[in-house]
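Enquirer:
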Amino acid sequence: MVMLSKTGSFPRKGWALLIVGAIVVTGTTVGTAQEVQRVASLSKVETSRAAASKQNKYTFIMFWKDQDDATKAMWNNLQQNLAGKTDTTTFVAVNTNDPAEENLVKEYGVSRAPMPLTLAIAPNGAITGSFVKQINADYIQQSFVSPAKSRCMLTLQSRKMVLLCVNPGAKSGMPQGVQNFKAIPCYKDVVEVVSVSAGESEESAFLQELEVTQQNDQTTVVFMAPPGVMVGKFNGNVTQEQLIAELKKAGKSCGVDGCKHCKE
Amino acid sequence: MNMRSIIGKELRERPTAMIASLLAIVLSVTALVAIRNVTIFSEKEVAGKLDKLGANVLILPKGVTLQDYYSADMHAETIPEEHVAELALSGLTGVEAISPKLCVPTTVDGRKVILTGILPQAEIQKMASWQGGMLFKKHDGCKAKINVADEKSDAPEALAERRSLQDLGESEVILGADYAAANGLKPGDSLELLGEKFAVLTTLPATGTVDDGRVFAHLHTVQRLSQSGEVVNIIEVVGCCEDVANGLVGKLETMLPGTKVVTIANVVQTQISINRMMTNLSYLFLAILVAVGGASMASASFANVIERRREIGTLMALGATPRFVTQLFLAKAVLLGLAGGLAGYVVGSVLAMFLGPAFADVSVLPIPSLALLAAGTAILVTLIASYFPARQAANLDPCICFKEV
């Protein structure tokens, strides 16, 4: 009986496995097909940008309309400064009148921008620099930012707020006030918490820019709001009430209510 | 007899002198209160109007003369639209919102209408966050406007209040209140403009301005349909107040040399001048209060001391000290000052409620804090005016007084 029931269960399991397998294969095939279709629909520059992103490289896109002196000078500058950095960057030129690159021009909304215009795009998609009509080595260098800064910039560019927690050690937890703020229903979808260890050498320039001391035995919370407003800096004991109060204060601008989005 | 009964008797027995002294104080305080009241409400009105306007800096073509804020974009001259991106990408401190506009007069079903092209803020604001080096800088004093994704401020109705809009499709229009009412249009309806069909996204609340009769569409659509090219008539800028006052206008002029940069302060300059004049007038009346009220009070007090020599002498012979006599006169002055100040506040407030709408075109209500100012000023003036007569009375010799009798 026992043997029978075991042998009898084999075909049932086999069918079940077959069905699951078929579903997985179909799903994967459809997914792959969609991905192939998406990749195939990408323009040359979009493909180049996607590839650079995968390889953790920066992409410099120079948008241009006319081949005037400014355009030639900008392109020459890009070549001179980036040709030796092919392991970390790629650079391309886009004619804004090229129908093939219409989507890209639309994505960045630069069809009416002064030309030539170069955008520096971090591997995560954040635009870390924009240069109108002229560019030089210093400008280019400023476009390379730390991972935490590029994450903060991407978040701000998505019209979300950032709570940057600069922790004294890698194992420090998120401050309670930050957790509570992030849990408030009207804020939870418009705020991102970015954690960084104060000791990380690649973040030292960013922390210096924020005027956050790296030799601190307490967590520092830096509160930023789009488009790039420094709302305030707090220690790890900050409460959600303090964060809300500072946000409301920062949102008050000259005669125009800047921050109305959360009225709890 | 105590001090209260002596003062009461004095005021009852000589009402004419009291009324004369009081009248001078009441009139002066009335003028002071009425003018301060109208000035305060007028200033509030201007501040309120500025708040509602949103933009406080206008960038116009060089040859345009600005006469009216709301119709500042109604002219044939244009400036390149690329100035908008130039501004957004510049990372200039104090520029909080940029709203370009292009106006095209057209007709719909035989009716004239101004089709106004506007650029959604979503297409401008993202450029402002591309400045890696400019971000995260604390802007003390006047902070930049926060632009978090938000259904309320992103709603199309925000155009009426903020004069800018977060999102607008290329085939959508927003209607001014009058235009929508005159044509019986509501959100969701469709409308044909310059040979193209548009969906009505929303209708704006009435603002009492020329905007009520306008139709707003995406700037690029208006440019395409009117074949205007990549140009605009005006760029409205919401600048941080402190920065506008501290050189933002100069920076804008340097950056965009082919344009004229006008601050809203220029537009409301007339109202501000009137307010300044009213404030100066109130100070002038304050000076008159001190001079006329004080002189009148001092003269009445001196006369009172001379007339009451016998009574003062008798009081002192009965044991009243010079200090008591001084206090007697000063207490009377305080009473007169208080009564005159409060009466002046009441009459002044009532007068302001009539004068405000008639002369400054503002509704005025009584301001309780002015009662304190009125009473305080009147008491101070009467005290100063009565001090020397009181000292004179206190220094009287009772023997000489009786000899005169």
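First to last, the sequence lines map onto chains D and G. Residue 213 in our numbering sits at position 202 of the first sequence; the count goes up by one each step and never skips. Residue 352 in our numbering sits at position 124 of the second sequence; the count goes up by one each step and never skips. Every residue gets a Cβ at the ideal spot worked out from N, C-alpha and C, and that includes glycine.
Quick check on DSSP: helix, strand or coil for G/V254?
Expert: Look at G/V254 here: in three-state DSSP terms it is helix.
Enquirer: Are the Cβ atoms of G/L330 and G/V450 separated by less than 7 Å?
Expert: Yes.
Enquirer: Comparing the C-beta of G/S357 with each C-beta of chain D, is any distance below 7 Å?
Expert: yes
Enquirer: G/F269 and G/V575: beta carbons closer than 7 Å?
Expert: no
Enquirer: Mapping DSSP to helix, strand and coil, what is G/M505?
Expert: helix
Enquirer: Below 8 Å, can you find three or more Cβ-Cβ pairs linking the segment 159–172 of chain D to the segment 80–100 of chain D?
Expert: no
Enquirer: In whole angstroms, what separates the C-alpha of D/I132 from that of D/A27?
Expert: 47 Å
Enquirer: Under 7 Å between C-beta atoms, does D/Q168 make it to chain G?
Expert: yes
Enquirer: Taking the DSSP output, what are the residues bridged to G/R339?
Expert: G/V336
Enquirer: Between the beta-carbon of D/V232 and the beta-carbon of D/V207, is there less than 7 Å?
Expert: no
Enquirer: What are the start and end residues of the beta strand (DSSP E) that includes D/I72?
Expert: 69–75
Enquirer: Using a threshold of 7 Å, state whether the C-beta atoms of D/V177 and D/A209 are closer than that.
Expert: The answer is yes: Cβ separation under 7 Å.
Enquirer: Locate the beta strand (DSSP E) running through G/G467, then write down its first and last residues.
Expert: 462–467
Enquirer: Mapping DSSP to helix, strand and coil, what is G/T610?
Expert: It is helical.
Enquirer: Is the beta carbon of G/L564 less than 7 Å from the beta carbon of G/L250?
Expert: Pairing G/L564 with G/L250 gives a Cβ-Cβ distance under 7 Å.
Enquirer: So, is G/I541 buried or exposed, given that buried needs 16 or more other C-beta atoms within 10 angstroms?
Expert: The question names Ile, but residue 541 of chain G in the sequence shown is Gly. By the Cβ neighbour-count rule, G/G541 is buried, with 16 or more other Cβ atoms within 10 Å of its own.
Enquirer: What are the residues of the segment 314–329 of chain G that lie near chain D, defined by any Cβ-Cβ distance shorter than 7 Å?
Expert: E314, L317, E324
Enquirer: Quick check: the segment 247–263 of chain G against the segment 502–517 of chain G, are there 3 or more CB pairs under 8 Å?
Expert: yes
Enquirer: Under 7 Å between beta-carbons, which chain G residues line up against D/V11? List them in chain order, please.
Expert: The structure shown does not extend to residue 11 of chain D, since chain D is modelled only from 12 through 275, so no value can be given for it.
Enquirer: Counting only beta-carbon separations shorter than 7 Å, does G/E351 have a partner in chain D?
Expert: yes
Enquirer: Would you kindly work out how many angstroms separate the C-alpha atoms of G/T435 and G/R442, rounded to a whole number?
Expert: 12 Å
Enquirer: Given 8 Å as the limit, is there contact between the segment 303–319 of chain G and the segment 114–126 of chain D, that is, 3 or more CB pairs closer than that?
Expert: A contact exists between the segment 303–319 of chain G and the segment 114–126 of chain D.
Enquirer: Anyone know if the C-beta pair for G/I253 and G/A606 falls short of 7 Å?
Expert: yes
Enquirer: Buried or exposed: D/V156, going by 16 or more other Cβ atoms within 10 Å of its Cβ?
Expert: buried
Enquirer: In this structure, does DSSP put D/E222 in helix, strand or coil?
Expert: coil
Enquirer: What did DSSP end up calling D/R60 once you bin it into helix, strand or coil?
Expert: helix
Enquirer: Is it right to say D/D228 is buried, meaning 16 or more other beta carbons lie within 10 angstroms of its own, or is it exposed?
Expert: exposed
Enquirer: Measure the C-alpha to C-alpha separation of G/A599 and G/Y573 and round it to an integer number of angstroms.
Expert: Cα to Cα, the separation comes out at about 6 Å.
Enquirer: Could you work out which residues of chain D lie near G/K354, taking near to mean beta carbons separated by less than 7 Å?
Expert: G120, Q168
Enquirer: In the DSSP output, which residue or residues are listed as bridge partners for G/P328?
Expert: G/I463
Enquirer: Who are the Cβ neighbours of D/A216 in its own chain at under 7 Å, not counting the five residues just before and after it?
Expert: S157
Enquirer: Any idea which residues DSSP pairs D/S208 with across the strands?
Expert: D/N178
Enquirer: Is there a Cβ from chain D that is less than 7 Å from the Cβ of G/E271?
Expert: no
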